[in-house]
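Residue numbers (the working numbering): 1 to 71.
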């Protein structure tokens, strides 16, 4: 980097759930029919983040071979 450019360094690891933790939490919600808020507290993931990932998981399960493009 040039001398006058500032390099951003993240100061905390807050909000970085591991992919394994996220997978387990999604399966708890989808397969075991547990509440998103309860699972999010159990695994330390924000409920909005878990909701977003659960919705993405649902889209993948519904149409694994179809692209989102209508063409």
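Ideal Cβ positions, reconstructed from N, Cα and C, are used throughout, including at glycine.
Keep in mind the model is a prediction, meaning the values are calculated, not measured.
Excluding sequence positions up to five away, which residues of its chain have a Cβ less than 8 Å from the Cβ of residue i?
i: residue 29; result: 35, 36, 39, 50 and 54
i: residue 62; result: none
Would residue i and residue j be called neighbours here (beta carbons separated by less than 8 Å)?
i: residue 21; j: residue 43; result: yes
What residue does the alpha helix (DSSP H) around residue i start on, and which one ends it?
i: residue 52; result: 47 to 62
i: residue 22; result: 19 to 31
i: residue 40; result: 36 to 43
Please classify residue i as buried or exposed, where buried requires at least 16 neighbouring CB atoms within 10 angstroms.
i: residue 25; result: buried
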